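Report on the structure given below.
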Amino acid sequence: MRNRSLRPLTPPDWLVRSLKPQPAPVPWAAVARAAIAMSLPLAIGTAAGKPSYGALAAMGALSGVIGDTADAYRMRILNIAVPQLFGALGVTLGALVFGHGWAAVGAVTLVALVSGMMSTIGAVASVSGLLLLLNSVIGAGLPLPGQWWLAPALMTGGGLLVLALALLAWPLRGGVPERAAVAATYRSVAALLEAAGTGDGSADRHAAYDKARADVTASLNQAYDLVLARRARDHGRSPDLVRLIAELNAITPVVEAAPAAHQYGEKLPPELAAAMRRLAEAVARGERAAPGDHAARGERPATDAYVDLGLPDELPRPHGAAARAVHHALRHAADTLADPDPLTVIHAEDRLGRPAALRVRARRATRNVVLSGASWRYGLRLALCIGIAQSLVSLIDVPRSYWVALTITFVLKPDFGSVFSRAVMRAIGTAAGLVVAAAVLSSVDRGWWDVPVVLVLATLIPALTPRGYGYQTAAITPVILLLSDVLNHQGFGLVVPRLVDSLIGCAIALIAGYLLWPESWHTRIGDRLADAVSDTARYVECAFGDDPEATAPAARARMRRRLYRDLSDIRTEFQRALTEPPPTGARAAAWWPLVVAVERIVDATTAARVRVRHGAPDPGAGEVAEVSRQLRELAEGLREVEVLVPVPAAFTGPEDSVLAPLRQEVEAARAVASPRG
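With positions in the sequence shown counted from 1, the corresponding number in this note's numbering is that position plus 6.
This is how it looks when you write it as structure tokens:
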């Protein structure tokens, strides 16, 4: 009876998952940049007798710190500089309508619509839309010092200071983040080979392989994003860039061969994984084989190149089709790393695919945003909530009312995850941050003491941001309150109104931005997984079809990569859905076995293709069509219902066919979660 009476006091699982800090290393370089970029402007402003100017520049630096998340230097320029331009535009628009009543309400609401629609373009556009709206809210709700151009100039300057600090090491470390990402991918592939090549079919080994495969997908996504971000500008002119692309392309056959070893239980020699790790170290150090006579004759490097890269002269002779595939793929990767002339790979098969020109992608993104129903829904949700908040504070005397709209902006950004959990985390994080702010505002005198306080508090923002949204909110809240106090001199009186404003903003976001929109409290996993299953059916047809263009190795590799990226995104969506309250979170948990099953179907397809390439007979057209039909039926069913029950799948293909393991995985998927027929 005692335990039963205490059970209601236990926090729900979704709240525990939301509060649990995510494991992440402390980004010490970002911590140092945040401390300098936010305290230096405040110190200069205080020394010049204009602390409010310093506070504005520090606010701009805060937005730069929030966007300082990229590893590659070129990406840092986009992630920090581009949002600063939109932030300057936002604060200018807000300042122009400050004190104009309902005109200000309409202007900020329109900006919210644009901001929400921008969120669907991409990461940089999303942060740009966030700053556009945040700064317009600040400009419309807070009297800013100086001429109309001074506030945007100071805030932009603070953000560009963060960028300047982030780029200080570029001349010395240019290309290092990209090489480190490619090397990390090689190491993750080595771990995948170890997990795949044990010959042990136990459940624990299956789980270890699934985790290793997910790690490879995440690592490949990061490396591809970094390399392609540079490639969009260089277009193959840089030898270092071409080599990075070649090194990424070279491990594609290894990643394709690993599922075959795991699927058929072939034990791989441990030397293969060890050799892959030595290649990873060579990539990380940027080692290159010196050109020799073979290069002058246009020949491939021979055994000496492997010795130079730290590989053994002779890897163990493979036994079995999967082991041979891994062995050949590893030799190809070593050849690529040892090639003294990286420009020769320009004419080789391109497994990554060259991205479209920047202007083409910009035009395509704009067209998609304007014509997309999802982007309009996102924009309207955000605009509705901001409009309600601005109307409310116009009708009711709320001191420093901009905080309500700021809260909604952070909570309701549609691409930032679960609105419900973010609202809860925002309230909890704000309360925790206000405790710190109250202690500072009540015990520290305004003036020079603000500088060391901001320096210390600024270090917490990049340190706690990777831990979760609630932790980020707790770190940002006292900094914003302290800088706001420099501007409006309310002191300790800021604390309680800010808590009330945050609660009002969370309530508006939950009611007008969450409960009134059924799509927001229904998981999107089913629709996205249905698309992935349909793509898997096309992948099966591509792997064993008759069309030479569709079945080319490069086309298959790109299709497989796209599939794994989509499934990785579904995993992320699944983690977000688990933070939703019942019944959404519970329904999302039911989808997880099917997510894993679809990943194994893709693996089984790749493994069958590898075995065919190494001597197994091709499957019949009827077998391929049967598997494809079952997958398409599953995809159609997933789009129709949310609650799933098992449905048997009947196959008629021969038991000794190369597609037999694939049919077993399809049967398992339909048995795990299929719509009732």
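We put the CB at the ideal spot given by N, CA and C, even for glycine. If you're wondering where the values come from, they're calculated on a predicted model, not measured in any experiment.
Selection VAL546, LEU140 and PHE498 evaluated against ASP609 yields VAL546 as nearest (Cα-Cα).
Between the region 500-509 and the region 46-60, the count of C-beta pairs closer than 8 Å stays below three; the two stretches do not touch. Here the region 15-35 makes no contact with the region 120-127; the two share fewer than three CB pairs at distances below 8 Å. Shortest Cα-Cα distance from ARG606 to any of VAL117, VAL143, ALA266 and GLN496 involves ALA266. Where GLN28 is concerned, there is no enclosing alpha helix (DSSP H), because DSSP gives it neither an H nor an E.
Going by DSSP, HIS325 is part of no alpha helix (DSSP H) at all; its letter is neither H nor E. If you check the CB distance, ALA603 and VAL678 come in under 9 Å. In the displayed model, THR611 falls within a helix according to three-state DSSP.
The distance from the Cβ of ALA196 to that of MET81 is about 26 Å, inconsistent with a contact at the 8 Å cut-off. In this structure, the beta-carbon distance from THR436 to ALA480 falls below 9 Å. Contact between ASP77 and ARG39 does not hold, since their C-beta atoms are separated by about 14 Å, which reaches or exceeds 8 Å. Between ILE434 and GLY591, the alpha-carbon positions lie close to 20 Å from each other. Taking the C-beta atoms as reference points, GLY511 is found nearer than 9 Å to VAL410. For the pair ALA157 and VAL103, the CB atoms are not nearer than the 9 Å cut-off. Taking the Cβ atoms as the reference, ALA190 lies roughly 5 Å from SER225, within the contact range of under 8 Å. ALA118 places its beta carbon 9 Å or farther from that of ALA146. By a beta-carbon distance limit of 8 Å, TYR79 contacts GLY180. Their separation comes to about 7 Å.
ALA61 carries a helical assignment under DSSP once its states are collapsed to helix, strand and coil. In this structure, TRP454 keeps its C-beta atom at 9 Å or more from the C-beta atom of THR115. Annotation for SER427: SER24 and THR585 place their beta carbon closer than 6 Å to its own, counting only its chain and skipping 5 residues before and after. Assignment of GLU184 by DSSP, reduced to helix, strand and coil, places it in the helix class.
Rounded to the nearest angstrom, the Cβ distance from LEU644 to VAL539 is 7 Å, consistent with a contact under 8 Å.
Exposed is the label assigned to ALA213, since fewer than 16 other Cβ atoms lie within 10 Å of its Cβ.
For PHE498, there is no enclosing alpha helix (DSSP H), as DSSP marks it with neither H nor E. LEU48 is a Cβ neighbour of VAL492, given a cutoff of 9 Å.
The region 609-619 makes contact with the region 661-674: 3 or more CB pairs, one atom from each, lie closer than 8 Å. Nearest to ASP552 by alpha-carbon distance, out of PRO625, ALA264 and TYR215, is PRO625. Leaving aside the five residues that flank LEU232 on each side, the residues in its chain whose CB is nearer than 6 Å to its CB run, in chain order, ALA78, GLU184 and ALA187.
In the displayed model, GLN153 falls within coil according to three-state DSSP, outside both helix and strand. DSSP places VAL32 in the coil class of the three-state scheme, outside both helix and strand. Counting C-beta pairs closer than 8 Å gives fewer than three between the region 167-180 and the region 130-146, which falls short of the contact rule. 9 Å or more divides the Cβ of VAL168 from the Cβ of ALA41.
If you draw a straight line from the Cα of ASN255 to the Cα of VAL130, it is about 26 Å long.
Annotation: THR204 to GLU629 spans about 30 Å, alpha carbon to alpha carbon. Between the alpha carbons of VAL417 and MET65 lies a distance of about 19 Å. In the structure shown, the three-state DSSP call for GLU200 is helix.
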